[in-house]
Amino acid sequence: MERWELKAGLEAILIAVDRPVTVQVLAQALDASQQDMEEALQEYEADLHAADRGVQVRHRTHGGRLEVKPQFAERIRRAVPAWVAKPITSQALETLAIIALKQPVTIGDINAFRGIESAGTVQTLSNRKLIARAARRTHDTGAPTWPLSSRSR
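Numbered continuously in the numbering used here, the sequence shown closes out at residue 161.
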C-alpha cells in the first residue's frame with residue numbers, strides 16, 4: 009500500500025471511531041507493518057500541522073485520536089445547537105428506571121430508594137422531557153408533585 013493510501017486510511021479510521029486507536033490496530037486494519045504505520049501517522053500529523061487545519065492527532069494512553077484543536081472550542085460551542093442531546097448518565101438512568109417502575113413517586117421516595125439527593129437529576133430528566141410532573145394529591149395540598157415518565161401520560 010502506498011503512503012498516501014495509508015494516511016488516507018488512518019484518517020478515515022480516526023474520523024470514524026470515537027475512542028483512541030493504537031498504531032497496532034491501525035496497522036492491522038490497513039494491512040501495513042507497524043513501522044510503516046508509525047511513519048505514516050507521523051507524516052499525517054505533520055501534514056495537519058503544516059496545513060493549519062482545525063484538527064490534530066491527540067495521543068492518549070491507549071492510542072491516538074483525531075480531535076479539534078483547542079482554539080476552536082468556543083466556535084464549536086456556538087455552532088453546535090444547545091439542544092443536541094448529550095448521553096444520559098448512569099445516575100439519570102437509575103432515577104428514570106425508579107420513576108418508570110414505581111410511578112407515581114415523590115422525589116423523597118426517589119431519594120430514599122437511591123440513598124442520595126436526586127432533585128438535580130429529576131430536574132435534568134424533566135428538562136430533557138423524559139419525565140413530567142403529575143398533579144398533586146387532592147387530599148394533601150402540601151404533598152410534592154409526583155414525577156412520571158413522559159410516556160405514561
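For glycine and all other residues, C-beta sits at the position ideal for the given N, C-alpha and C. These numbers were taken from a predicted model, which means no experiment stands behind them.
| Query | Result |
| --- | --- |
| Own chain residues within Cβ distance below 7 Å of Arg66, not counting five before or after | Gly72, Arg73 and Glu75 |
| CB contact flag (Met45, Leu34, <8 Å) | yes |
| N- and C-terminal bounds of the alpha helix (DSSP H) containing His57 | Gln42 to Ala58 |
| Residue range of the beta strand (DSSP E) that includes Gln64 | Val63 to Arg68 |
| Distance between Ile107 and Arg161 (C-alpha atoms, nearest Å) | Any reading at Arg161 needs caution, since the residue's pLDDT is 49, under 50, leaving its predicted position unreliable; the model's value is listed next. In a straight line, the C-alpha of Arg161 is about 13 Å away from that of Ile107. |
| Supposed contact pair Arg68 and Pro95 - C-beta distance, whole angstroms, cut 8 Å | Actually they do not touch by this definition, with Cβ atoms about 19 Å apart. |
| Sheet register partners of Glu75 (DSSP bridge) | Gln64 |
| DSSP-derived helix/strand/coil call for Ile124 | coil |
| Cα-Cα separation, Gln99 to Gln32 | 35 Å |
| DSSP three-state assignment for Ile96, whether helix, strand or coil | coil |
| The ligand ZN heavy atom lying under 7 Å from the CB of Gln64 | Ligands are entirely absent from the displayed structure, and the ligand ZN is therefore not among its contents. |
| Where Arg7 falls: helix, strand or coil (DSSP) | It is not possible to answer for residue 7, since the shown part of the chain is limited to 9 through 161. |
| Rounded Cβ spacing between Ala127 and Ile139 (contact assumed at less than 8 Å) | That pair is no contact at about 13 Å. |
| Residues near Thr30 by beta carbon distance below 7 Å, same chain, minus five either side | His70 and Gly71 |
| Proximity to Gln50 [Cα-Cα], best of Asp117, Lys15 and Ala120 | Lys15 |
| Buried or exposed by the 16-neighbour rule on C-beta atoms within 10 Å, applied to Thr132 | buried |
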